[in-house]
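Participant:
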Amino acid sequence: MYLKLLVFMSVLIVSCGGQKTVIKHGALDNGRSDIVIAILPLINNSADKSLDSIGITLSDLISAQMAAKKGFKLVERQRIEEMLSELKLGQSGVVDQNAAIQVGKMLGANVMAFGSFSSFGKKVLLTIRLIKVETGEIVGGVSERSSDVYKLDVLAENAAKKLSDSLAHQ
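In my numbering, the protein residues as written are 71 to 240.
#1: List in chain order: all unbroken alpha helix (DSSP H) runs of 4+ residues lying wholly within the stretch 123-201.
#2: Give me the Cβ distance between ASN114 and PHE187, rounded to the nearest whole Å; I'm assuming they're in contact under 8 Å.
#3: Measuring CB atoms only, is the stretch 196-208 touching the stretch 117-124, in the sense that at least three cross pairs come out at less than 8 Å?
#4: Using the three-state DSSP reduction, which class does GLU227 fall into: helix, strand or coil?
#5: With DSSP collapsed to three states, give me the class of SER236.
#6: Just to confirm my understanding: we take GLY206, look at its own chain, exclude 5 residues before and 5 after, and list those with CB closer than 6 Å. What are they?
#7: What is the rounded straight-line gap between the Cα of GLN167 and the Cα of MET176?
#8: Can you find at least 3 beta carbon pairs, one from the stretch 134-143 and one from the stretch 207-214, that sit closer than 8 Å?
#9: In the DSSP assignment, what residue or residues form a beta bridge with LYS203?
#10: Helix, strand or coil: how does DSSP classify SER120 here?
This is the structure in structure tokens:
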């Protein structure tokens with residue numbers, strides 16, 4: 071356990087190199103940087119574990135919606151998973167917030183999105199919080215409901231709109 075922590079901290083120190091991450095707002099055409107956001111797969115809090123794959127689908131749909139909005143760049147989920155796997159942090163499907171923030175720094179993200187969903191019959195409740203990588207503070211969050219677990223696209227679209235609005239008002 072201590073060896074893993076030591077390796078993780080060594081990789082973190084070398085890769086961060088003292089860089090400071092700052093959230094800057096604005097579109098590409100005005101010369102300012104976009105917000106770089108990494109969205110982790112959403113955790114299934116439902117009793118039905120056959121819904122676990124919905125967490126990945128939802129995070130992908132939300133990422134696609136966010137990437138289409140001006141002012142945001144997204145870290146590719148594959149890169150996030152590779153980093154978590156390399157550091158052996160994501161094997162249980164649940165990633166400690168502090169460790170994930172450190173991964174976010176290594177990936178060059180300004181903001182990490184953590185969240186979960188719960189299914190109650192056909193209804194779904196989705197919650198996501200936005201964490202500023204530099205400080206670890208919560209800078210936004212959303213809660214979204216759907217009456218049908220099979221309408222993930224609408225759920226993701228509404229969540230992405232709320233996330234972008236939340237970040238735009240920081």
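Glycine included, C-beta positions come from ideal geometry on N, C-alpha and C.
Facilitator: Taking the geometry as given:
#1: 147-156 and 167-177
#2: Numbered from its first residue, the sequence shown carries residue 114 at position 44. Numbered from its first residue, the sequence shown carries residue 187 at position 117. Going by Cβ atoms, the distance from ASN114 to PHE187 rounds to 6 Å, so yes, they are a contact pair.
#3: no
#4: On the sequence shown, residue 227 is found 157 positions in, with the first residue counted as 1. Helix.
#5: Counting from one through the sequence shown, the residue named residue 236 turns up at place 166. Looking at SER236 - three-state DSSP - the assignment turns out to be helix.
#6: The sequence position of residue 206 within the sequence shown is 136, counting from 1. Closer than 6 Å at Cβ, skipping near neighbours: ILE171.
#7: Locating residue 167 in the sequence shown gives position 97, counting from the first residue. Locating residue 176 in the sequence shown gives position 106, counting from the first residue. Each residue's alpha carbon lies about 14 Å from the other.
#8: no
#9: Start at 1 with the first residue of the sequence shown, and residue 203 comes out as number 133. It should be pointed out that residue 203 corresponds to Val in this sequence rather than to Lys. None; VAL203 has no bridge partner.
#10: For the purposes of this step, residue 120 is taken as residue 50 along the sequence shown, with counting starting at 1. It is helical.
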